[in-house]
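Chains as they are written, first to last, in the working numbering: chain A, 1169 to 1302; chain B, 5 to 170; chain C, 124 to 605. In this text, a Cβ means the ideal position worked out from N, Cα and C, and glycines have one as well. Note that the structure is a prediction, hence the values are computed from the model and not measured. Below: the structure, in structure tokens.
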Amino acid sequence: MPSAAPSASYLTSHSAILAFLLVVVGFVAVNLVLWKIIRPSRFSEEKLTTYECGENPTGSAWIQFNIRFYVFALLFIIFDVEAVFLLPWAVVFREIGPLAFLEGLVFIAILAIALAYVWRKGDLEWVRTEDRQV
Amino acid sequence: MNAEAAVFYVLAAITVGSAAVVVLARSLIYSAFALLFTFVGVAGLYLLLGADFLAATQLLIYVGGILVLLLFGVMLTHKLYDLDLRSEVTQFLPGVIVSIGLFAVLALTAWRTDWAGGDGRAPAATTREIGQLFMGRYLLPFEAASILLLVALMGAAMIVRRKRSA
Amino acid sequence: MTPPVVDVLPAIPALILAVTGLAVLLAQAFTPRGQAAPGAPFSLAGLLAALVAVYLLAARGGGDLGGTYVVDAFSLYFHALIIGVGLVVVLLSPSYLRATGIDRGEYYTLVLFSLVGMLGLVSCRELVSLFVSLEVMSVALYALAGLHRARPESQEAALKYFITGAFSSGFLLYGIALLYGASGSTSLVAVGAALRTPGPATAALATMGTGLLLVGFGFKVASVPFHMWAPDVYEGAPTTITALMSAGVKAAAFGALLRVFGQALPALAASWQPAVAALAVVTMVVGNLGALAQSNLKRMLAYSSVAHAGYLLAAVVAAPGIGVEAVLFYLVAYAAVNLGGFGALAALARQGREPLSLDDVAGLASRRPALAAALAVYLISLTGVPVSAGFVGKFFLFRAAVNAGWTSLAVIGVLMSVVSAYYYLRVVVAMYMREPLGEDAWAPVPPSAGLALGLSAAVVLALGVHPEPVLTWARLAARSLL
């Protein structure tokens, strides 16, 4: 345990998170257990087959994803991190003044250039022009 | 044992336990999902230490971003199920010795250090304080971070791009 | 609340390069397909402007930016060196990129950003800023190492560099965290002051942090046993980028090493000096013996750069005394020589091939007399033969080690230099004593690359004959660190 413990009020203010977590986990657990006890369990082979006119599945459900998803996830993370950096700035720029606003704008401008770059390079298109020509 | 200590031990158990699953699981998918609990556990530990902004960042970037990317990466691999993750163990003994040695040294360092620092109180609102530091003393690294993000974006886009676009 | 006024003037050289990088990126993104973006001229203009800014800053006497970034004589010295490296690399690049078919617009932007990171690395006197600079430099270089998409070696280089780089960054960050824990500050000066009066409570933490920092820097400067990535990465990366890595990254990493260990950790010198000395010994020995076994010229130069990290570490042991000045001087000589060596290979590239074996350079003296002569100058300087920059530089390095009481280091260094003569001069012999094999497969030396190679050779010779001006500057820079 850290000897320099956070203040009690800090912990109290964040204990809501703990309460939420407990409620969420508890809700799922209670329901699962409760209905397991209440519901009748009559097993038959019939129940395992595909319903009505549904197709019988073939192969594994794990298929290889399109690489495109990966590109977008990557781009997402970059701007995700940007958002995190801007959060503290957004909290304080009003009280510091126009200079701070400008400093934040520079940060955003650099990433706007990044956005312009990926847009012009066609990385934001699902089907790239080069692929279309082939 | 007070409530805070109890929460700490629960979080620590979640973090370490799921981290062990990450390393030991045979399926890549299990490892990736176990990592979710590791990240969340670490976020909880941050929160407990009074670093609420850091905890939010951990959730936003690691759970919301890195983990998604990781899962995409896993799903990009060819054979998810046939894949045998265990590589051939070639240097078992040196690996064990180095790991245990490193652990011993780090544990000893932690043990021998008197950790009582600061005034015992966490800063009231870390987000505000971090914002003020970004706009003042740490302005240059703050702006450099955007360059770093730009460079990372360029590198990632270049590597993933299939063909050369002149 | 009053706005914290930050004087950005000292950061102007880095800002110029960053803005140039962004401009090149935009110019490239908005250039129509099939047209060449003006990357090289833009970059050259930006680098020259940055050099002028460095000169003006030097005249103004440097400055300080919010306690995180400082422009003193030490960083100005490195600014000039790093921007000079950038100029030579950009001059070498256009013909090489065309010859190897990797002429991509991102190239110059990434080179400029990596230079920005290097400038930050030598100027930050605060550990978090230092780490951000390091990452800007490294991430740009990871992408550059893998620029050659078609070559598996290039892909391997990028992956290896990225993984070992991320690993070493982790060590550095861990070290930074422990030093912060031990001192309560990330400012180098404050850490230094806090560690001067060590309590038993934090001594273990500080020592551990120092050790982890040393491992992190060991990776970055490619010192044995953290060197295993260097040969593969140097071989696989595009040759101009290899030149940038071997000259620029090494200089910047040593700059940061000297600043951190000189300003924050002098109180712990007794514990890190023996470790650095041990690193120096194994690095010199393994680097030189490894180079002996290489038949690929790029790999040979890679091992040679490992070996030179060892020579430099031998003088770091003597820091913060006379050692700093010797390291600073040698870094200039070493940068010129490596830019020249890798640049000469890059200048000959044609249709995706470049000379990589002794057979490839056999008889080069009769076909490209000027280039062969320049390459001979670089190799002789690497060996450390008198009247070359390498001789003067090694002399100061080893003298620093002897003066600091590490005579054994100097002896090993001299012995290993003798060993190195074999593999360096083997190339010279092949160029001058052997007949050319087959058709002339190499490109005529392009004018801009010729200029770059001529500049490097001139620096090597000038430093060998008349080292005083640079030495005076190095002395000034070393003093500003204390």
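- DSSP places Tyr434 (chain C) inside the alpha helix (DSSP H), whose first and last residues are Leu420 to Val439.
- Taking 7 Å as the cut-off, the Cβ atoms of Ala425 (chain C) and Pro361 (chain C) do not count as close.
- At a C-beta separation below 7 Å, Ala148 (chain B) has these neighbours in chain C: Gly243, Val255, Ser256 and Val259.
- Under a criterion of Cβ atoms nearer than 9 Å, the residues of chain B adjacent to Thr191 (chain C) are, in order, Arg141, Tyr142, Leu143, Leu144 and Pro145.
- Contact between Tyr545 (chain C) and Leu415 (chain C) holds, with the beta-carbon distance rounding to 7 Å and staying under 8 Å.
- Excluding sequence positions up to five before and after Glu448 (chain C), its CB lies within less than 7 Å of the CB of Ala597, Arg598 and Ala601, all in the same chain and listed in chain order.
- Using a CB distance cut-off of 7 Å, Gly135 (chain B) does not count as an interface residue toward chain C.
- Between the C-alpha atoms of Leu505 (chain C) and Tyr547 (chain C) there is a straight-line separation of about 8 Å.
- Between the C-alpha atoms of Lys517 (chain C) and Gly587 (chain C) there is a straight-line separation of about 11 Å.
- If you check the CB distance, Ala374 (chain C) and Ala458 (chain C) come in under 7 Å.
- Our two residues, Thr330 (chain C) and Ser394 (chain C), have alpha carbons roughly 7 Å apart in a direct line.
- Within the DSSP bridge table, the entry for Cys247 (chain C) names C:Tyr192 as partners.
- Contact annotation, Ala163 (chain C) with Tyr231 (chain C): C-beta distance approximately 6 Å; criterion of less than 8 Å satisfied.
- In the DSSP assignment, Gly135 (chain B) falls within the unbroken alpha helix (DSSP H) covering Thr130 to Met139.
- Non-local beta-carbon contacts of Trp1294 (chain A) in its own chain, meaning distances under 7 Å to residues more than five positions away in sequence, involve Arg1236 in chain order.
- Chain order gives the chain A residues near Ala152 (chain C) as Ala1284, Tyr1285, Arg1288 and Lys1289, where near means a beta carbon separation below 7 Å.
- The distance from the Cβ of Ala524 (chain C) to that of Val440 (chain C) is about 6 Å, consistent with a contact at the 8 Å cut-off.
- For the C-beta of Val262 (chain C), the chain B residues within less than 8 Å are, from N- to C-terminus, Leu152, Val155, Ala156 and Gly159.
- Between Arg132 (chain B) and chain A, the shortest Cβ-Cβ separation is below 7 Å.
- With a beta-carbon spacing of about 17 Å, Val551 (chain C) and Leu479 (chain C) fall beyond the 8 Å limit used to define contacts.
- Per the Cβ contact rule, the segment 204-213 of chain C is not in contact with the segment 555-563 of chain C (fewer than 3 Cβ pairs under 8 Å).
- Distance between Tyr453 (chain C) and Met162 (chain B), taken at the CA atoms: about 36 Å.
- Ile1245 (chain A) is outside the set of residues whose beta carbon lies under 7 Å from a beta carbon in chain C.
- Residues of chain A with a Cβ closer than 7 Å to the Cβ of Leu138 (chain C) do not exist; the shortest Cβ-Cβ separation is about 10 Å.
- Identification of residues in the segment 317-331 of chain C having a C-beta nearer than 9 Å to some C-beta of chain B yields Gly322, Pro323, Ala324, Thr325, Ala326, Ala327, Leu328, Thr330 and Met331, given in sequence order.
- Within the same chain, and ignoring the five residues on either side of Gly410 (chain C) in sequence, the residues whose Cβ sits closer than 6 Å to its Cβ are Tyr426, Val429, Ala430 and Gly433.
- Within the segment 341-421 of chain C, the complete alpha helix (DSSP H) segments at least 4 residues long are 352-359, 362-367, 373-382 and 392-415, listed from N- to C-terminus.
- Within chain C, the residues Ala141 and Leu145 have their CB atoms less than 9 Å from the CB of Ile1278 (chain A), given in chain order.
- Taking 7 Å as the cut-off, the beta carbon of Phe342 (chain C) is found no closer than this to the beta carbon of Leu380 (chain C).
- By the Cβ neighbour-count rule, Gly322 (chain C) is exposed, with fewer than 16 other Cβ atoms within 10 Å of its own.
- Secondary structure note for Tyr547 (chain C): its alpha helix (DSSP H) is the uninterrupted segment Thr530 to Met556.
- In this chain, Glu1213 (chain A) is not harboured by any alpha helix (DSSP H), its DSSP state being neither H nor E.
- Scanning A:Glu1213, A:Glu1250, A:Pro1256 and A:Ile1264 for the CA closest to the CA of Phe1275 (chain A) turns up A:Glu1250.
- In the DSSP assignment, Leu1292 (chain A) falls outside any alpha helix (DSSP H) and carries neither an H nor an E.
- Met139 (chain B) and Ala1258 (chain A) do not touch by the CB rule: their CB atoms are close to 11 Å apart, not below 8 Å.
- For Leu605 (chain C), the number of other beta carbons within 10 angstroms of its own is below 16, and it is reported as exposed.
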